Ligand SMILES: NC(=O)c1ccc[n+]([C@@H]2O[C@H](COP(=O)([O-])OP(=O)(O)OC[C@H]3O[C@@H](n4cnc5c(N)ncnc54)[C@H](O)[C@@H]3O)[C@@H](O)[C@H]2O)c1
Ligand SMILES: [Zn+2]
Ligand SMILES: [Zn+2]
């Protein structure tokens, strides 16, 4: 088995125990579903890190995050949209942090959706910076919750991909692309 | 405002919809003065392109007057602009390389999923061309919201008529890029499949790039006549056998470069083509590809094939063996319009390129459904329909 291993990221593994390996990279693992996604952004590493590190700004490109409140330097409170007009909430603490390089977090006890993860920022030469999100989570209310979430397009894997694209748009162009024609349509889209 | 909306196969209507508004800092609102119907619109009209939704506003070839600007737009109210059909941000890696139709950011994040699944990576946004390419409202309307207006639109000096510059929005740069992709060398013979607007601009461009001979292929006498006016030799595929004729016309060598300017609408009374048509119209899979097959078979050994023609899905009986064994090169893609605008505008102003010969019909926006019908049904006489929303305002 071991000699079949390659250099591809663990998040793209076909093996189910890929999760265990991914978890080894996290100080604290919460949840059993794994999402991994990279995007290359044509901006300097420090700039991207700084924007992300101010968690209150994250709702500007994370469509399903309603609000992030800062409790102290390393603890934040997250209010996230869930299917059926509901919200789910949790507190998250930063478990590891390296300026311009890495932000890792884990939810605290009692989270509606236990989760942990890391955002890595790596130089990509004249292409800018590779931003990689690795997220572990427990789908709300298990399997059924995931099915429902998928129906509502709030499935974390899809959401993470779209959020990263929006982050890239915002950082590279200063705005988030929309095909809406009117403010009314735009509001309906992001509702 | 009034706008031409898609409702299904061969069903387009002029409806009243909400006026567009400035939504992002780099936006501008354009009041449309001229907007054309494109061969690509016929693919939508015929129902060949997936991810269309009832009520979508069509049109990707348009120009007009700037009436409103966002705080980051570099345009000024009152300026006349031609708007590229490819929407591009100007700041991503691909825009930096002038590969504007591969822009990473102009396609909204949610719409990129479809193309990512189908093509591996999502392409840029396009005006009025299905949700896979963004779902942007198009230019066959009184007003259009133009995103990234500091990058795309080109300002037209006063005193130059709309008809002279409108085609900078798409088909002129498309014909030019296709000829450039054919890597024409002095003395070359270039064969062009399709004498629609794109093919005719390919003919013009190929000569400007030094082709010695251009052979234009179609079955509409009127369109072949236009190609002949630019110096092309003509080949009517209903009259003559395409491959045999091309071989004889090139002394048994085959054309040095072949350009497919036909695409999904390819006609041909051949079994493979009929089969393609059934499959495309039932969405069971493959595109109609008769012209690209012929181009590959006819092309000389080591020659170049350029394919501005639009295909959307999969292909059956693609002559991959011929392509490999003969060592051909194929270049294709949606046009990187922004890259070509300054040079082509200059060529128009210097009188090196004329585009007005193409326009056969000028109609009011309210007559757009009729415009689609005649462009679709009477291609011999209807070479290009330009809609003028101003004509409605005069009539009202
Ligand atoms: N790459 C781009 O960015 C881009 C931009 C604009 C248009 N296009 C595409 O270019 C193509 C042509 O556009 P157009 O506006 O000129 O379309 P059009 O429909 O007006 O012209 C197509 C012509 O091809 C002829 N034709 C059909 N079957 C043929 C065959 N087997 N052999 C030779 N000729 C044949 C038709 O008679 C017609 O005159 C379309 O596929 C369009 O979608 C691509
Ligand atoms: Zn077009
Ligand atoms: Zn771009």
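Residue numbers (the working numbering), protein chains in the order written: chain A, 6 to 196; chain B, 21 to 416. Heads up, the beta-carbon is just placed ideally off N, CA and C, and yes, glycines get one too. The structure displayed is predicted, hence computed values, not measured ones.
Item: With ligand 2 as the reference, list in chain order each residue whose Cβ lies under 5 Å from any of its heavy atoms.; Value: 58/B, 60/B, 190/B
Item: In whole angstroms, give me the CA-to-CA distance for residue 195/A and residue 352/B.; Value: 36 Å
Item: Would you say residue 48/B lies against chain A (beta-carbon separation less than 7 Å)?; Value: no
Item: Go ahead and pull the three-state DSSP assignment for residue 407/B.; Value: strand
Item: Check whether chain B comes within 7 Å of residue 50/A, counting only Cβ atoms and requiring the distance to be less than that.; Value: no
Item: Looking only at its chain, what residues have a beta carbon closer than 7 Å to the beta carbon of residue 282/B, apart from the 5 residues adjacent to it on each side?; Value: 213, 214, 311, 329
Item: Candidates 47/A, 98/A, 136/A, 90/A: which alpha carbon is nearest residue 60/A's?; Value: 98/A
Item: Where does residue 292/B sit, in a helix, a strand or coil, going by DSSP?; Value: Because residue 292/B carries a pLDDT of 41, less than 50, the predicted location of this residue cannot be relied on, and no value is offered for it.
Item: Rounded C-beta distance between residue 158/B and residue 79/B? I'm assuming under 8 Å.; Value: 4 Å
Item: When you compare the CB positions of residue 266/B and residue 318/B, do they come within less than 7 Å of one another, or not?; Value: yes
Item: Using a threshold of 6 Å, is the CB atom of residue 125/B nearer than that to any non-hydrogen atom of ligand 3?; Value: yes
Item: Taking the C-alpha atoms as reference points, what is the distance between residue 254/B and residue 96/B?; Value: 46 Å
Item: Can you find a heavy atom of ligand 1 that lies under 6 Å from the Cβ of residue 339/B?; Value: no
Item: For residue 189/A, does the three-state DSSP call read helix, strand or coil?; Value: helix
Item: From residue 421/B to residue 277/B, what distance separates their C-alpha atoms?; Value: No answer is possible for residue 421/B: the residues shown for chain B start at 21 and end at 416.
Item: Can you tell me which of the three DSSP states residue 379/B falls into?; Value: coil
Item: Going along the chain, which residues of the segment 33-46 of chain B sit with their C-beta nearer than 7 Å to a C-beta in chain A?; Value: 38, 40, 41, 43, 44, 45, 46
Item: List, in order along the chain, the chain B residues whose C-beta lies closer than 7 Å to that of residue 132/A?; Value: 113
Item: Any beta-carbon of chain B closer than 7 Å to the one on residue 137/A?; Value: no
Item: Here's the rule: buried if 16 or more other CB atoms are within 10 angstroms of the residue's CB, otherwise exposed. What is residue 391/B?; Value: buried
Item: Can you name the start and end residues of the alpha helix (DSSP H) that residue 280/B belongs to?; Value: Segment 277-280 is the beta strand (DSSP E) holding residue 280/B; no alpha helix (DSSP H) there.
Item: To which residues of the same chain is residue 59/B closer than 6 Å at the C-beta, ignoring the five residues directly before and after it?; Value: 216
Item: Starting from residue 132/B, find everything on chain A with Cβ-Cβ shorter than 7 Å and list it in chain order.; Value: 170
Item: With a cut-off of 7 Å, does the C-beta of residue 256/B fall near any C-beta of chain A?; Value: no
Item: Taking the alpha-carbon positions, what's the residue 48/A to residue 372/B distance?; Value: 41 Å
Item: Answer yes or no: do residue 178/A and residue 109/B have a C-beta to C-beta separation smaller than 7 Å?; Value: yes
Item: Quick check on this structure: which residue in 381/B, 242/B, 128/B, 246/B has the alpha carbon closest to the alpha carbon of residue 395/B?; Value: 381/B
Item: Taking the C-alpha atoms as reference points, what is the distance between residue 210/B and residue 236/B?; Value: 9 Å
Item: Give me the Cβ distance between residue 188/B and residue 361/B, rounded to the nearest whole Å; I'm assuming they're in contact under 8 Å.; Value: 6 Å
Item: Check each residue of the segment 386-404 of chain B: if its Cβ is closer than 9 Å to any Cβ of chain A, include it; give the result in chain order.; Value: none
Item: Answer yes or no: do residue 185/B and residue 176/B have a C-beta to C-beta separation smaller than 7 Å?; Value: yes
Item: Could you tell me whether the Cβ of residue 69/A comes closer than 7 Å to any Cβ of chain B?; Value: no
Item: Roughly how many angstroms lie between the CA atoms of residue 256/B and residue 337/B, to the nearest whole one?; Value: 24 Å
Item: Looking at the unbroken alpha helix (DSSP H) that takes in residue 59/B, where does it start and where does it end?; Value: 59-65
Item: Give the DSSP bridge partners of residue 128/A, in chain order.; Value: 134/A
Item: Measure the C-alpha to C-alpha separation of residue 63/A and residue 13/A and round it to an integer number of angstroms.; Value: 29 Å
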